[in-house]
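Have a look at the structure below, then the notes.
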Amino acid sequence: MSFLVIMSLLNGLTLAALLFITASGLTLSFSLMRVVNLTHGALYMAGGFIGLSVINLTGGWLLALLAGGGVMAVIALLEEKFLLRWARGNDLIETLISLSVAIIIGDLVLVIWGGYPKTIEIPAMLSGIWTIPVIDMVYPIFRIFMLGLAILIIVALWFFLKKTNLGITIRAGVDNFEMVSALGINVRRLFTIVFCLSGFLAGVAGVVGGTFMMLVVGEDWRILTLTLIVIIIGGMGSLGGTIVGALITGLIYSFATAYIPEFSLFILFLPVAVILSIRPQGLFGKKV
Amino acid sequence: MQFSHLPKTVVLLSSLAILVAVPWIASDYFVMMCIRVMYFGMLTLSLCFLAGELGVVSLMQASFFGISGYFIAILQTRYQISFPIPPLVGIGVAVLFAALTGLLVIRVRGIYFLMLTLVLGQLVWALASQWASVTRGDSGITDIFAPVIFGISTEKSKGAFYFFELFFFCGVIYFLAALKRSPFGLMLRGIRESESRMAMLGYPVSLLRYMAFIFTAFVAAMGGVFFAYFTGLINPHSVSLTTNVETLLSAILGGIQTLFGAILGTAILKILDVVLSGITQRYLLIMGILFLITIMFAPKGAAGALKRLWDSVVSRVFGSAAPAKGATDDSFLEDTK
Numbered sequence: 001m002s003f004l005v006i007m008s009l010l011n012g013l014t015l016a017a018l019l020f021i022t023a024s025g026l027t028l029s030f031s032l033m034r035v036v037n038l039t040h041g042a043l044y045m046a047g048g049f050i051g052l053s054v055i056n057l058t059g060g061w062l063l064a065l066l067a068g069g070g071v072m073a074v075i076a077l078l079e080e081k082f083l084l085r086w087a088r089g090n091d092l093i094e095t096l097i098s099l100s101v102a103i104i105i106g107d108l109v110l111v112i113w114g115g116y117p118k119t120i121e122i123p124a125m126l127s128g129i130w131t132i133p134v135i136d137m138v139y140p141i142f143r144i145f146m147l148g149l150a151i152l153i154i155v156a157l158w159f160f161l162k163k164t165n166l167g168i169t170i171r172a173g174v175d176n177f178e179m180v181s182a183l184g185i186n187v188r189r190l191f192t193i194v195f196c197l198s199g200f201l202a203g204v205a206g207v208v209g210g211t212f213m214m215l216v217v218g219e220d221w222r223i224l225t226l227t228l229i230v231i232i233i234g235g236m237g238s239l240g241g242t243i244v245g246a247l248i249t250g251l252i253y254s255f256a257t258a259y260i261p262e263f264s265l266f267i268l269f270l271p272v273a274v275i276l277s278i279r280p281q282g283l284f285g286k287k288v
Numbered sequence: 001m002q003f004s005h006l007p008k009t010v011v012l013l014s015s016l017a018i019l020v021a022v023p024w025i026a027s028d029y030f031v032m033m034c035i036r037v038m039y040f041g042m043l044t045l046s047l048c049f050l051a052g053e054l055g056v057v058s059l060m061q062a063s064f065f066g067i068s069g070y071f072i073a074i075l076q077t078r079y080q081i082s083f084p085i086p087p088l089v090g091i092g093v094a095v096l097f098a099a100l101t102g103l104l105v106i107r108v109r110g111i112y113f114l115m116l117t118l119v120l121g122q123l124v125w126a127l128a129s130q131w132a133s134v135t136r137g138d139s140g141i142t143d144i145f146a147p148v149i150f151g152i153s154t155e156k157s158k159g160a161f162y163f164f165e166l167f168f169f170c171g172v173i174y175f176l177a178a179l180k181r182s183p184f185g186l187m188l189r190g191i192r193e194s195e196s197r198m199a200m201l202g203y204p205v206s207l208l209r210y211m212a213f214i215f216t217a218f219v220a221a222m223g224g225v226f227f228a229y230f231t232g233l234i235n236p237h238s239v240s241l242t243t244n245v246e247t248l249l250s251a252i253l254g255g256i257q258t259l260f261g262a263i264l265g266t267a268i269l270k271i272l273d274v275v276l277s278g279i280t281q282r283y284l285l286i287m288g289i290l291f292l293i294t295i296m297f298a299p300k301g302a303a304g305a306l307k308r309l310w311d312s313v314v315s316r317v318f319g320s321a322a323p324a325k326g327a328t329d330d331s332f333l334e335d336t337k
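Spelled out as structure tokens, the structure:
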């Protein structure tokens, strides 16, 4: 295998890790509330910029990660409580509301942080390169850390959804929403929690993504597009589907960037078209 | 009912007369504004038709608008092909692209439709911005000249361009109005109300949805032709999500249900655009807030309010002849529940 192939493979995996973190939150809130939260990309970008400001103030990368996630969780909370709840029950209106919030956040980010591309500095502990044995190739440690972080989030989400009471309730809500509310569970609270969690994951992904790529206005829609493609390919509401979708999207995007840069995004039309014509509900999605 | 047709015809004819008179009675600036409203209006019309007749919200209509514009630009500036061919090819390619993507989008409904069209629209935008060797990337293609028609250069004379556009604009309006009234339009509304029932009655539901999608792509592509010719340049912004959202906002501002609403909404937004760009750079922010407010508080739009006013005027003048048919047309916002 040539150098470029291995490099694209590794880059694809790290991008897939990032996409998984973004898409997992979106798919969770989507499958529960039937709302495509189009604010997700904006939350990613705003989270990244907040992380940038925090790191400039304090210098702590982990703190920046938590701040980015935390602030976005709060914004998601406010959006859910004051805007989306207003139109609850009409999923089209809710989705359009989230679209308008995304535009507002996108422009506010431009006002606050300006239009020039910025990057978050890689923390000292995670900077540097690692020589991969056997093939004798160097690769940034931070990207390997990203893979680890994604796996950690997969395990944590899996544990949360399978083992905790709250997670089990959420999964039940995904499967049969009416039944859960009929059992007397406070569904509104459930929505809010999932929406917050989703916002938190978007913010975290923003800080991570801002560290290994760059933060610039417009990135919100690029990430949202990639995230929606992940969900279309993987299917709604399935964690496994999100992992597979992220891997497919990440790898295709990364190889296309290396070999046919002019079509790196457009080429993703292919998997979307193929999957939709064979399985309209996505690889792991349930029939709706 | 007979009575309520009479004022409609009068209004239609007199508004047509006013439209024809515009270049003589109005300033150049107003003529230019009308030209802009007409080509963006065609884009909004295509979205409105889909939303009103099929009950789906598309976020990729600007792709067809932009594709025809890009093809005109490329054929004219790179290959020096003369007038009638570039727009015909442009519209043809846009319709072909709709035929291709239509196969995918007719399979999904409701918010899935919105999501999928958003993704497809973004992929077209990515192509326009990344395929720099053909589209010249983010700076776009400039120096597209409007054609010479009957010996008059529409590039030099704004009035001539206005008539050139008005002719096709009225054609598009007539086309859509005829479609709405035709059995085809009735079938579409049937699908919107109850797809399963229409399917059970033996109507080719998927084919009808597919055809409606292609028709609207044709209308949007028509707008793109005049956009490219009038502005003289095309860049990825014309196929961006911002353009798509502006179109949606125009449609909602004016009201999804009527063709008139689409034009009214476009005019409101374009006037706002001009006013705001003079005083602030926060156009997107204001547009977002306006969008949020409209969606939350007046999802039926300004045309809905005007229509109610019109109906009440008609009923006052002609007794109780006011058509109470609004109820059947209002289900767009409820039918996704």
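Taken in order, these protein sequences are the chains called A and V. So for the first sequence, our numbering puts the first residue at 1; every next one is plus one. So for the second sequence, our numbering puts the first residue at 1; every next one is plus one. Every residue gets a Cβ at the ideal spot worked out from N, C-alpha and C, and that includes glycine.
Query, Result
"Paired residues, beta bridge with Ser-153 (chain V) - DSSP", "V:Val-148"
"Residues bridged to Pro-140 (chain A) (per DSSP)", "A:Ile-129"
"Residues that DSSP places opposite Leu-186 (chain V) in a beta bridge", "The partner list for Leu-186 (chain V) (beta bridge, DSSP) is empty, contrary to what the question assumes."
"Contacts that Ile-295 (chain V) makes with chain A (C-beta to C-beta distance below 7 Å)", "Ile-93, Leu-96, Ile-97, Ser-100"
"Sequence-distant residues of the same chain with beta carbon closer than 8 Å to Ser-264 (chain A), five excluded per side", "Tyr-253, Ala-256, Thr-257"
"Contact residues within the stretch 272 to 283 of chain A, judged by C-beta distance below 8 Å to chain V", "Val-272, Ala-273, Leu-276, Ser-277, Pro-280"
"Nearest to Ile-74 (chain V) (by Cα), restricted to the options V:Gly-232, V:Arg-282, V:Lys-8", "V:Gly-232"
"Rounded straight-line distance, which links the Cα of Gly-210 (chain A) to that of Asn-11 (chain A)", "15 Å"
"Residues near Leu-45 (chain V) in its chain [Cβ-Cβ closer than 7 Å; skip 5 each side]", "Val-172, Leu-176, Val-219, Leu-259, Ala-262"
"Of the residues A:Gly-237, A:Met-214, A:Val-155, the one placed nearest Ala-172 (chain A), counting alpha carbons only", "A:Gly-237"
"Proximal residues to Leu-47 (chain V) (C-beta, below 7 Å), its chain only, five neighbours per side dropped", "Ser-58, Gln-61, Thr-247, Leu-248, Ala-251"
"Nearest to Leu-226 (chain A) (by Cα), restricted to the options A:Asn-56, A:Thr-58, A:Leu-19, A:Leu-92", "A:Leu-19"
"Boundaries (first-last residue) of the alpha helix (DSSP H) holding Thr-142 (chain V)", "Unbroken run through Thr-142 (chain V): none, as it is neither H nor E."
"8 Å Cβ cutoff met for Leu-83 (chain A) and Phe-191 (chain A)", "no"
"Distance between Ile-248 (chain A) and Tyr-112 (chain V) (C-alpha atoms, nearest Å)", "20 Å"
"Counterpart residues of Lys-180 (chain V) in DSSP-defined beta bridges", "For Lys-180 (chain V), which the question treats as bridged, DSSP gives no partner whatsoever."
"Residues of the stretch 116 to 127 of chain V with Cβ closer than 8 Å to any Cβ of chain A, in chain order", "Leu-116, Leu-118, Val-119, Leu-120, Gln-122, Leu-123, Val-124, Ala-126, Leu-127"
"Residues of its chain near Phe-227 (chain V), where Cβ-Cβ distance is below 6 Å and the 5 sequence neighbours each way are ignored", "Tyr-39, Gly-69"
"Cross-chain neighbours of Leu-108 (chain A) in chain V, by beta carbon under 8 Å", "Leu-285"
"3-residue-minimum beta strand (DSSP E) runs that sit fully inside the stretch 30 to 73 of chain V, ordered along the chain", "none"
"Cβ-Cβ distance between Phe-64 (chain V) and Ala-94 (chain V) below 8 Å", "yes"
"Neighbourhood of Pro-123 (chain A) by C-beta, 7 Å cutoff - its chain only, sequence neighbours within 5 removed", "Trp-61"
"Below-8 Å beta-carbon distance, Thr-225 (chain A) vs any chain V residue", "yes"
"Rounded C-alpha distance that separates Gly-265 (chain V) from Leu-26 (chain A)", "32 Å"
"Cβ-based burial, Val-230 (chain A) [other Cβ within 10 Å; buried from 16]", "buried"
"Cβ shell of Glu-79 (chain A) (< 6 Å), same chain only, five flanking positions each side left out", "Val-101"
"Cβ pair Tyr-162 (chain V), Ile-293 (chain V) closer than 8 Å", "no"
"Lys-8 (chain V) - DSSP class collapsed to helix/strand/coil", "helix"
"Cβ-Cβ separation, Ala-202 (chain A) to Ala-16 (chain A) (assumed contact under 8 Å), whole Å", "The Cβ separation is near 17 Å, so there is no contact."
"DSSP three-state assignment for Ser-15 (chain V), whether helix, strand or coil", "helix"
"Within chain A, partners of Ser-133 (chain V) - CB distance below 7 Å", "Glu-262"
"From V:Ser-139, V:Leu-269, V:Ser-196, residue whose alpha carbon lies closest to that of Gly-255 (chain V)", "V:Leu-269"
"Rounded C-alpha distance that separates Thr-169 (chain A) from Val-180 (chain A)", "8 Å"
"Whole-angstrom distance between Thr-101 (chain V) and Leu-239 (chain A), CA atom to CA atom", "28 Å"
"DSSP beta-bridge partners of Leu-215 (chain A)", "A:Lys-118"
"Straight-line Cα distance separating Ile-50 (chain A) from Ser-29 (chain A)", "23 Å"
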